[in-house]
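Undergrad: Taking this note's numbering, I'd label the letters of the sequence shown as residues 13 to 131.
Glycine included, every Cβ here is placed at the ideal spot set by N, Cα and C.
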Amino acid sequence: MSKTDHGTTDVVVGSEIYTLNFNLKAVRSIERFFGGISPALAELQKFSLAAASRVIIAGANLTLKPKEVEALEEEIYEQGVGEVTVPLITYVVALLNPAAKTEEELEKAAEEPEKKAKK
13 MSKTDHGTTD
23 VVVGSEIYTL
33 NFNLKAVRSI
43 ERFFGGISPA
53 LAELQKFSLA
63 AASRVIIAGA
73 NLTLKPKEVE
83 ALEEEIYEQG
93 VGEVTVPLIT
103 YVVALLNPAA
113 KTEEELEKAA
123 EEPEKKAKK
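Below is the structure:
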């Protein structure tokens, strides 16, 4: 489950809500770990547990000890790797253009001229 706006994406893992930020620091961290955004997407599309945890760590700007990373991976596994990975893929793609509008924002913008025209 996730919620996206221009600045953050909230990803629920177990009882925790991780707020992932759209910023250069997250992009650089993901690129450094995976060797680029494209390899990160490829790993997420394989539903890799390690990839999911690394994207959460980078996006939420977490500093975790190895045992804490292991605990996060356990939480992701318990929640369901597939359930957690889907919003992470959306997040990583959105990192490529963080100022873009969401589908909801585009629909709302399209409705506004219609409302003005009816007056």
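Between alanine 70 and leucine 100, is the Cβ-Cβ spacing less than 7 angstroms?
TA: Counted from its first residue, the sequence shown places residue 70 at position 58. Counted from its first residue, the sequence shown places residue 100 at position 88. Cβ distance not < 7 angstroms, so alanine 70 and leucine 100 don't count as in contact.
Undergrad: Please list, in chain order, all residues of the same chain as glutamate 108 whose beta carbon is under 7 angstroms from its beta carbon, the five residues on each side excluded.
TA: Reading the sequence shown from its first residue, position 96 is the one you call residue 108. In the sequence on display, residue 108 carries leucine and not glutamate. So the qualifying residues of the chain are Ile49.
Undergrad: Per the contact definition of three or more C-beta pairs closer than 8 angstroms, is the stretch 75-88 in contact with the stretch 37-45?
TA: No: fewer than three Cβ pairs fall under 8 angstroms.
Undergrad: Give me the Cα-Cα distance between glutamine 91 and leucine 61, rounded to the nearest whole angstrom.
TA: If you number the sequence shown from 1, residue 91 lands on position 79. If you number the sequence shown from 1, residue 61 lands on position 49. Approximately 11 angstroms, taken between the alpha carbons.
Undergrad: Rounded to the nearest angstrom, what separates lysine 120 and glycine 19 at their Cα positions?
TA: Position 108 of the sequence shown, counting from 1, holds the residue named residue 120. Position 7 of the sequence shown, counting from 1, holds the residue named residue 19. Between lysine 120 and glycine 19, the C-alpha separation is close to 18 angstroms.
Undergrad: Aspartate 17 to alanine 38, Cα distance in whole Å?
TA: On the sequence shown, residue 17 is found 5 positions in, with the first residue counted as 1. On the sequence shown, residue 38 is found 26 positions in, with the first residue counted as 1. Unreliable positioning characterises aspartate 17 in this predicted model, as indicated by a pLDDT of 46, which lies under 50. The coordinate reading is nonetheless provided below. The alpha-carbon atoms of aspartate 17 and alanine 38 are separated by roughly 16 angstroms.
Undergrad: Assuming contact is defined by CB atoms lying nearer than 7 angstroms, are phenylalanine 59 and glycine 26 in contact in what I supplied?
TA: Locating residue 59 in the sequence shown gives position 47, where the first residue counts as 1. Locating residue 26 in the sequence shown gives position 14, where the first residue counts as 1. Not in contact: phenylalanine 59 and glycine 26 (Cβ atoms no closer than 7 angstroms).
Undergrad: With distances taken between CB atoms, is the gap from alanine 72 to tyrosine 103 smaller than 7 angstroms?
TA: As a working mapping, residue 72 is identified with position 60 in the sequence shown. As a working mapping, residue 103 is identified with position 91 in the sequence shown. Against a cut-off of 7 angstroms, the Cβ pair of tyrosine 103 and alanine 72 comes out as no contact.
Undergrad: Suppose only complete runs of 3+ residues qualify. What are the beta strand (DSSP E) ranges in the stretch 19-106, listed by chain order?
TA: With a minimum length of 3 residues, the continuous beta strand (DSSP E) runs that stay inside the stretch 19-106 are 20-25 and 28-33.
Undergrad: Rounded to whole angstroms, what's the CA-CA distance from threonine 97 to valine 24? Just pull it up for me.
TA: The sequence position of residue 97 within the sequence shown is 85, counting from 1. The sequence position of residue 24 within the sequence shown is 12, counting from 1. Each residue's alpha carbon lies about 11 angstroms from the other.
Undergrad: For tyrosine 89, which residues of its own chain have a beta-carbon under 7 angstroms away from its beta-carbon, when the five flanking residues on both sides are left out?
TA: Residue mapping note: residue 89 aligns to position 77 of the sequence shown, counting from 1. The answer, listed in chain order, is Leu61.
Undergrad: Could you name the residues of the same chain whose beta carbon sits closer than 8 angstroms to that of glutamate 87, not counting the 5 residues immediately before and after it, in chain order?
TA: Taking the sequence shown and counting its residues from 1, one reaches residue 87 at position 75. Hits under 8 angstroms: Val25, Gly26 and Glu28.
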